[in-house]
Structures are given as C-alpha cells and as structure tokens.
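Engineer: In order, the protein sequence lines correspond to chains A and B. If you read the first sequence in the working numbering, its first letter stands for residue 27, the second for the next number, and so on. If you read the second sequence in the working numbering, its first letter stands for residue 606, the second for the next number, and so on. Beta carbons: idealized from backbone N, C-alpha and C, even for Gly. In this text the structure is predicted, and so the values were computed from the model without any measurement. This is the structure I want to talk about, given as structure tokens.
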Amino acid sequence: DAKTTQPPSMDCAEGRAANLPCNHSTISGNEYVYWYRQIHSQGPQYIIHGLKNNETNEMASLIITEDRKSSTLILPHATLRDTAVYYCIVSPLDSNYQLIWGAGTKLIIKP
Amino acid sequence: ETGVTQSPTHLIKTRGQQVTLRCSSQSGHNTVSWYQQALGQGPQFIFQYYREEENGRGNFPPRFSGLQFPNYSSELNVNALELDDSALYLCASSREASGGLDTQYFGPGTRLTVL
C-alpha cells in the first residue's frame with residue numbers, strides 16, 4: 027500500500043501558485059519524498075525530491091515539514107499545461123528501491 | 606542525452622497470446638524498472654533489472670518475465686495474456702549513486718490491449 031495520502035483533486039487558477047499537499051506520517055528516516063506528475067496517458071515525469079530540507083528547481087519547490095510527516099509541492103505560476111495527476115511517493119534510495127504509487131491528486135488549472 | 610524510449614507505442618493482442626515490450630534506458634543508466642498501470646490507477650511495480658539480473662519483484666505471477674541486455678536495454682515478456690493484462694506498461698531507468706540508486710526516469714509507455 028502507498029505510504030502517502032493526497033487529496034483526490036484540486037483546482038487552481040492559471041498564473042497562481044498551485045500548492046499540493048501530501049501526508050506521509052509513517053515516513054522512515056532513510057526515505058525520500060518524491061513528486062512525479064502524469065499528463066493523460068503519458069509516462070510519469072519526475073518533478074523534484076527531497077529528504078528533509080526544502081528543495082527548489084526550475085519546475086517546482088518542495089517544502090517538507092520539520093517532523094517530515096507532510097510536504098507541499100508548489101508550482102509557482104501554474105499554466106494550463108500543468109494540468110495532470112500529481113503523485114507524492116516516499117521511497118529510500120537503496121539498491122533495489124521500487125516506487126509505490128497511490129492514486130495521486132488530479133490538478134486542474136483553470137483559465 | 607537521450608531519454609527513456611519504449612516500443613511499441615500501442616499493441617493489441619488476444620487472450621492466450623504472448624507479448625514482448627522493449628525499453629531503452631537513458632544514457633548512463635544501468636538499472637531498469639517495469640511498472641504496470643491500469644486505467645485510473647497509479648503504476649504497480651513489476652520488477653527491476655540491475656546489471657542484467659533481476660533485482661526485486663512485485664506481486665506479479667511468473668508469466669511476467671524480463672531480460673536486461675549488456676547495453677542496459679530491457680524486455681518485458683508476458684505469456685498467456687489475460688484480459689486484465691490490458692494496461693499501460695511503463696519502463697523507468699536509473700543509475701547508481703552513492704548508497705544505492707538515483708532518481709527513476711520514465712519512458713512514454715506501451716499501451717497493451719488484450720481482447
């Protein structure tokens with residue numbers, strides 16, 4: 027079973043910041059928080075990952091709470107092309123790690 | 606640097622047949638993982654290949670098998686196809702990093718329909 031809980035769907039206005047929450051209260055010390063997104067029927071696209079510090083790249087920012095039990099993915103200026111299912115996954119980066127996926131959050135960006 | 610590629614894009618088979626799906630890993634990556642994604646669900650881990658050996662397997666029957674070649678490309682074989690095998694099959698590649706593996710990057714998938 028997935029170790030994360032996400033809202034099934036969210037809306038966001040185009041040009042605004044999209045904030046996607048994720049709960050992972052049973053996360054272990056060696057597990058990273060990963061975010062992927064999947065645009066309809068395409069392969070998942072890697073967005074960002076982090077262990078305990080906040081992370082930022084050209085796509086998004088990842089804010090992880092100090093107790094690491096939850097995180098938020100922030101898309102700073104959402105566009106219509108950001109409409110997708112967003113998956114939050116926790117996984118260690120050990121030698122045979124597998125990604126265990128939940129149902130994700132369907133994010134709809136509205137004009 | 607080329608990304609992960611998969612072939613074919615779409616495939617239609619009938620129940621009982623066998624199918625082979627192919628994946629070329631991203632340049633510099635030596636590990637390939639396969640996932641099955643049924644409609645409306647998240648991907649499910651099938652197995653992983655590292656240096657041509659199976660390196661972990663999910664809850665899939667033995668009729669799902671795989672290979673990894675010296676150039677790190679991989680095949681997924683499914684025998685005795687069932688209707689429930691209809692799904693998007695995803696391949697992800699990753700490279701070794703200190704302490705384990707680095708981030709998995711996905712290909713576009715192969716859509717398999719079993720009639």
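Which chain A residues are close to residue 710/B, counting only those with a beta carbon under 7 Å from its beta carbon?
Structural biologist: Ordered by position in chain A, the residues that pass the 7 Å Cβ test against residue 710/B are 72.
Engineer: Taking residue 566/B as the reference, which of 709/B, 694/B and 711/B has the closest Cα?
Structural biologist: In the structure displayed, chain B extends from 606 to 720; residue 566/B sits before or after that span and is not available.
Engineer: Does the Cβ-Cβ distance between residue 701/B and residue 635/B come in under 8 Å?
Structural biologist: Their beta carbons are under 8 Å apart, which means residue 701/B touches residue 635/B by this criterion.
Engineer: Measure from the C-beta of residue 32/A to each C-beta in chain B and report whether the shortest distance is under 8 Å.
Structural biologist: No, its Cβ sits nowhere closer than 8 Å to a Cβ of chain B.
Engineer: Determine which residues of the region 96 to 130 of chain A have a Cβ less than 8 Å from any Cβ of chain B, and write them out in chain order.
Structural biologist: Flagged, chain order: 113, 118, 119, 120, 121, 122, 123, 124, 125, 126, 127, 128, 129 and 130.
Engineer: Show which residues of chain C have a CB atom less than 8 Å away from the CB atom of residue 67/A.
Structural biologist: The chain labelled as chain C is not found among the protein chains of the depicted structure, namely A and B.
Engineer: Just reading off the beta strand (DSSP E) that residue 37/A is part of, what are its end residues?
Structural biologist: Taken as a continuous stretch (DSSP letters only), the beta strand (DSSP E) holding residue 37/A covers 35 to 39.
Engineer: Leaving out the 5 sequence neighbours to the left and right, which residues in its chain are closer than 8 Å to residue 710/B when beta-carbon positions are compared?
Structural biologist: Taken in chain order, the residues that qualify are 608, 609, 631, 634, 697, 698 and 699.
Engineer: With burial defined as no fewer than 16 other Cβ atoms inside 10 Å of the residue's Cβ, what is the status of residue 668/B: buried or exposed?
Structural biologist: Flag for residue 668/B reads exposed.
Engineer: Using 8 Å as the Cβ pair cut-off and three pairs as the minimum, do the region 113 to 132 of chain A and the region 671 to 679 of chain B touch?
Structural biologist: No, they do not touch.
Engineer: Going along the chain, which unbroken runs of the beta strand (DSSP E) with 3 or more residues stay wholly within the region 668 to 701 of chain B?
Structural biologist: Runs of the beta strand (DSSP E) inside the region 668 to 701 of chain B: 669 to 673, 679 to 683 and 692 to 699.
Engineer: Quick one: which chain A residues come within Cβ less than 7 Å of residue 638/B?
Structural biologist: In chain order: 124.
Engineer: Three or more beta-carbon pairs under 8 Å between the region 90 to 109 of chain A and the region 613 to 629 of chain B, yes or no?
Structural biologist: Touching, no.
Engineer: I'd like to confirm the pairing. Which residues does DSSP put opposite residue 653/B in its beta bridges?
Structural biologist: Paired residues: 638/B.
Engineer: Using only CA atoms, which one of 136/A, 107/A and 116/A lies nearest to residue 65/A?
Structural biologist: When only C-alpha atoms are compared, the closest one is 107/A.
Engineer: Could you compute how far the alpha carbon of residue 621/B sits from the alpha carbon of residue 683/B?
Structural biologist: Looking at the two C-alpha atoms, the distance is approximately 10 Å.
Engineer: Using only alpha-carbon positions, find the residue among 83/A, 131/A and 71/A that is nearest to residue 49/A.
Structural biologist: That would be 131/A, whose Cα lies nearest to the Cα of residue 49/A.
Engineer: Which chain A residues are close to residue 647/B, counting only those with a beta carbon under 8 Å from its beta carbon?
Structural biologist: Going along chain A in sequence order, the residues near residue 647/B (Cβ under 8 Å) are 28, 113, 127, 128, 129 and 130.
Engineer: Give me the subset of the region 657 to 682 of chain B whose CB atoms are less than 8 Å from a CB atom of chain A, sorted by chain position.
Structural biologist: Residues passing the 8 Å Cβ filter: 660, 661 and 663.
Engineer: 8 Å is my cut-off, CB to CB: does residue 75/A come that close to chain B?
Structural biologist: Output row for residue 75/A: interface = yes.
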